[in-house]
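Notes follow once the structure below has been shown.
Protein chains: 2
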Amino acid sequence: MAMRGDKLESVRRRNLSTVLELVHQGRAQSRAELTASTGLNRSTIAALVAELAALGLVNETAPTASKRVGRPSPRVVPDPGPAVIAVNPELDAITVGVVGLNARVEHRVRREVDHAVSPEEAVAVIAELTDALRTEIGDERRILGVGLAVPGLVRAADGVVRWAPHLGWRETPITRLVEDAVGLPASADNDASLAAGAERIFGVGRGVADLVYLNGGASGIGGGVIVRGIPLGGVAGYAGEFGQNRPGLADAADRATEHGTLEDEVSRARLLEVLGLHAADELEFEEALLASREPKVLVELERQQRILAVALSNAINVLNPELVVLGGFLASVHARDPEGLELLVQRSTVPAAWEGVRIRRAALAQDTLLIGAAELAFAPLLRDPAGHSGSAPTTS
Amino acid sequence: MAMRGDKLESVRRRNLSTVLELVHQGRAQSRAELTASTGLNRSTIAALVAELAALGLVNETAPTASKRVGRPSPRVVPDPGPAVIAVNPELDAITVGVVGLNARVEHRVRREVDHAVSPEEAVAVIAELTDALRTEIGDERRILGVGLAVPGLVRAADGVVRWAPHLGWRETPITRLVEDAVGLPASADNDASLAAGAERIFGVGRGVADLVYLNGGASGIGGGVIVRGIPLGGVAGYAGEFGQNRPGLADAADRATEHGTLEDEVSRARLLEVLGLHAADELEFEEALLASREPKVLVELERQQRILAVALSNAINVLNPELVVLGGFLASVHARDPEGLELLVQRSTVPAAWEGVRIRRAALAQDTLLIGAAELAFAPLLRDPAGHSGSAPTTS
DNA sequence: AGATATTTGTTGTGCTTGACCCCAAATGCG
DNA sequence: CGCATTTGGGGTCAAGCACAACAAATATCT
Chain A
0 MAMRGDKLES VRRRNLSTVL ELVHQGRAQS RAELTASTGL NRSTIAALVA ELAALGLVNE
60 TAPTASKRVG RPSPRVVPDP GPAVIAVNPE LDAITVGVVG LNARVEHRVR REVDHAVSPE
120 EAVAVIAELT DALRTEIGDE RRILGVGLAV PGLVRAADGV VRWAPHLGWR ETPITRLVED
180 AVGLPASADN DASLAAGAER IFGVGRGVAD LVYLNGGASG IGGGVIVRGI PLGGVAGYAG
240 EFGQNRPGLA DAADRATEHG TLEDEVSRAR LLEVLGLHAA DELEFEEALL ASREPKVLVE
300 LERQQRILAV ALSNAINVLN PELVVLGGFL ASVHARDPEG LELLVQRSTV PAAWEGVRIR
360 RAALAQDTLL IGAAELAFAP LLRDPAGHSG SAPTTS
Chain B
0 MAMRGDKLES VRRRNLSTVL ELVHQGRAQS RAELTASTGL NRSTIAALVA ELAALGLVNE
60 TAPTASKRVG RPSPRVVPDP GPAVIAVNPE LDAITVGVVG LNARVEHRVR REVDHAVSPE
120 EAVAVIAELT DALRTEIGDE RRILGVGLAV PGLVRAADGV VRWAPHLGWR ETPITRLVED
180 AVGLPASADN DASLAAGAER IFGVGRGVAD LVYLNGGASG IGGGVIVRGI PLGGVAGYAG
240 EFGQNRPGLA DAADRATEHG TLEDEVSRAR LLEVLGLHAA DELEFEEALL ASREPKVLVE
300 LERQQRILAV ALSNAINVLN PELVVLGGFL ASVHARDPEG LELLVQRSTV PAAWEGVRIR
360 RAALAQDTLL IGAAELAFAP LLRDPAGHSG SAPTTS
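Quick mapping for you: the protein sequence lines, in order, are chains A and B.
Using numbering that gives the first Met the number 0, the final residue of the first sequence is 395, and nothing's skipped along the way.
Using numbering that gives the first Met the number 0, the final residue of the second sequence is 395, and nothing's skipped along the way.
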């Protein structure tokens, strides 16, 4: 609750942050564009870009032919040097990637595992894969830190995994373990929240300030909310647990479980069952779902659609977002009958709030989580570009 | 989406705003406290306070005996001059009040009406009551504007009432009408959202950054959400419509209505009915509810409690607030059995999110809405104290 | 009661930082 | 080829906060 005053120094910090973020997100490609979107003076932008260049964060290159009158403005692009390690531990595999300041996943390694790994095992794998990647990309790369997208509840303050049912982790200080093993500052957050951020900056949510993201995974439904462009964390960082919500059922016969939580009633497993499949990746699943004409598939699909619609309505009524993004198997459910789902949502949503909202499927496929985790690792740099001059691994 | 850069001028504006807000909210009472809570230098605070005093917004008075060592610091208090008109049009009455910069309701007039008033009638009454109040408080008072707390959906951008079922208003440009009739800049927002803000700054939510507020009124349930200390508006300002949500029912027998919306299932009218009352004000209602030992009251109360609990759980899972504030008849339902309600909420809430949350009744009684509306009218001044030097009614 | 420590107001100076002005450079267009 | 337009570059200016030194006002210690 520190309602802090504004030092002069903070102006510079914020401006550096703003410029670096614009370049990082690809929303400004030249100094001229930077002056336009920041409203700052040309000379100020010049100084800011020069400082960022001196910090090794951006590069100025020769202007491209723009076909416009006037002196061409030099391009400003993210420096290819700085990078982060993005990690996504899952039930069946641990994925580690290298993501540059341009937010592209440059390398990715996926290590399949045949059993639920303990935190210690996971950390060992992460350290091993990270080392492999670091030798692959060479020593000249400046690795800023590690970001983890964890399928579970993560305490924002210290990155402790409170509960990850999927992995079987409980009260696991994952960031500390990773920091000790890898020797880089680490941060962690809930996977769906990070995915929401990634979709906003680089996916369907580009330029959207208020969005709700729901991801349907194998083990449940997670979500993320973005308010005024800022990820909604809540007081401890546990926000977005749509899967544990209990939406009202229009028909009592729709209930299939005792608890009636969203992720029990609307589940990938139930759809796989009626589809007669045992296991399927996202693509196979969606193909099967879209192709099936079996009555029992239709019945189950419509049941889940009705329940999902109420859950979305509840979210829209409360949050009045501009966009609802559906990922994972929920994207497939949406793809099967977008208009039907919208109609159902509309029926139980406040009309005024319905007006402004769109429902879309997630745009970023497999890279979403790694990009989201990378954003987390980049966050301190983006927030204070000059403060991270030395690559000293500040163990927070 | 204007990611604006930081001008130097904005530093001064923000600092003036910060200081004025601290004084306005009573969170700093002396220059010494201001330096402590802003982190700014003593000399800077002196300059800022001097500027605010020159603007007629704060006064410096002789220091009070503080029993502490060191030179005593002069008190800084809101100037008694500036004030706003706060308005709350309701089904049965229109209330208008004068609120000073100290956030106290200095005067209030309540005009009972015997029928649902049209916007034009309401505006006429508002203008009349405002004029009466203005002559009462004298001409030396500087009236900054009018804030309206409307029981309905209000578009944030232009203050148009999209739909106020209680009043029967639809697509009503209420702020424009009031501006024309009163000759002061007017702004409007949903009553529950404003009440949430009032509770945060002056009620049970003091110092709380993330809270959810649910108000049980005669005609339904409204709500407001505050995230990181900022009221959650959503893309158009319609956020917080908890009343239209459909919470899941643990037992199908609990359903009493077709739609199953929260405000249909959990309603004051139903409780009045089982209590055998026809009409009652808040106090009478709560007394009757707390005193009753009738089985049918108990049954209905517990039914509503169960449904309310699920709705609260849904909100807590998604928003992870620090505090849930219940107002209106929901405060009475809570008062009857706080532990029982908490237990029910806990049962369907993510454990980690439950840890950090408290459920409390609203602290501000009848003044809540007027204070909330006044905050709305003060908002431009608080955001940019120097920009409002002349009392020129800027019709936004 | 007097001395001392502590806290805070006051004043003047200095540093940071962005704005602004003027000129040069580079492009498109007639 | 000249002109309009846009942008970069460098120097100057002004705004605003930090800081240091001193004075004032209080409590506490002796």
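We put the CB at the ideal spot given by N, CA and C, even for glycine.
Which stretch, first to last residue, makes up the alpha helix (DSSP H) that contains A:D250?
A:D250 -> no alpha helix (DSSP H), and no H or E assigned at all.
Does the Cβ of A:T394 have 16 or more other Cβ atoms within 10 Å, making it buried, or fewer, making it exposed?
Here A:T394 scores only 30 on pLDDT, less than 50, and its place in the model should not be relied on; the value that follows carries that caveat. Label assigned to A:T394: exposed.
Is DSSP giving A:T60 helix, strand or coil here?
strand
Are the C-beta of B:G440 and some C-beta of chain A separated by less than 8 Å?
Since the first residue of chain B shown is 0 and the last is 395, residue 440 of chain B is not available in this structure.
Got a sec: is the Cβ-Cβ distance from B:A31 to anything in chain A below 8 Å?
Cβ-Cβ to chain A under 8 Å: no for B:A31.
Could you tell me whether the Cβ of B:G239 comes closer than 8 Å to any Cβ of chain A?
Chain A contact via Cβ: present.
Report the CB separation of B:A194 from B:G355 in whole angstroms; it is logged as a contact under 8 Å.
About 23 Å separates the two Cβ atoms, so there is no contact after all.
Taking the DSSP output, what are the residues bridged to A:A85?
A:G96, A:G146
Cα-Cα separation, B:V145 to A:L15:
39 Å
Mind pulling the chain A residues with CB within less than 8 Å of B:D209?
Below the 8 Å Cβ cutoff, chain A contributes G233, V234 as neighbours of B:D209, in chain order.
Tell me where the alpha helix (DSSP H) around A:R199 begins and ends.
190-201
Going by beta carbon distance, what residues of the same chain come within less than 6 Å of B:G389, once the five residues before and after it are set aside?
Because B:G389 sits at a pLDDT of 46, beneath the cut-off of 50, its placement in the model cannot be relied upon, and the following sentence gives the value as read from the coordinates. Excluding residues within five positions, none has a Cβ falling inside 6 Å.
Are the Cβ atoms of A:G242 and A:G219 separated by less than 8 Å?
Yes, these two residues count as a Cβ contact at 8 Å.
Would you mind working out which of B:S42, B:E50, B:A49, B:E341 sits nearest B:L307, comparing C-alpha positions?
B:E341
Are the C-beta of B:P81 and some C-beta of chain A separated by less than 8 Å?
no
Does the CB of B:N313 have a neighbour CB from chain A at under 8 Å?
yes
Within a Cβ cutoff of 6 Å, which residues of the same chain sit near B:T34, ignoring the five residues on either side of it in sequence?
Correct list, in chain order: R41, I44.
Report the residue from A:R13, A:R30, A:T37, A:L21 whose alpha carbon sits nearest the alpha carbon of B:R3.
A:T37
Against A:W162, what residues of chain B qualify as contacts under a CB-to-CB distance less than 9 Å, listed in chain order?
V349, P350, A351
Pick helix, strand or coil for A:R154, following the three-state DSSP scheme.
coil
Can you tell me whether B:T394 is helix, strand or coil according to DSSP?
The predicted position of B:T394 is uncertain, since its pLDDT is 30 and thus under 50; no value can be drawn from it.
For B:E111, write down the residues that DSSP places opposite it in a beta bridge.
B:A92
Bridge-paired residues (DSSP) for A:G221
By DSSP's assignment, A:G221 forms a beta bridge with A:N214.
Just to confirm the assignment: which complete alpha helix (DSSP H) runs, minimum length 4, are found wholly within the segment 228-303 of chain A?
261-264, 267-274, 281-290
Secondary structure of B:H23, DSSP reduced to three states
helix
With DSSP collapsed to three states, give me the class of A:S65.
coil
Extent of the continuous alpha helix (DSSP H) run through A:R30:
Looking at the DSSP string, the run of the alpha helix (DSSP H) that includes A:R30 is 30-37.
Should B:R10 be flagged as near chain A, meaning a C-beta pair shorter than 8 Å?
Note that residue 10 of chain B is Val in the sequence shown here, rather than Arg. Closer than 8 Å: yes.
Helix, strand or coil for A:T171? Go by DSSP, reduced to three states.
strand
Should B:D138 be labelled buried (16 or more other beta-carbon atoms within 10 Å of its own) or exposed?
Result: exposed.
Residue burial classification, B:D130 (beta-carbon count within 10 angstroms, cutoff 16)
exposed
Measuring CA to CA, which of A:V48, A:R254, A:R107 is closest to A:L368?
A:R107
Under 8 Å, do B:A290 and B:L276 count as touching if we go by C-beta distance?
no
Note down the Cα distance separating A:G151 from B:P320, rounded to an integer number of angstroms.
18 Å
So what does DSSP say about A:S186, is it helix, strand or coil?
strand
Exposed or buried, what is A:M0 when buried is set at 16 or more other beta-carbons lying within 10 Å of its beta-carbon?
Confidence at A:M0 is low in this model, with a pLDDT of 43, below 50, so its placement is unreliable and the value that follows should be read with caution. Exposed, by the Cβ-count rule.
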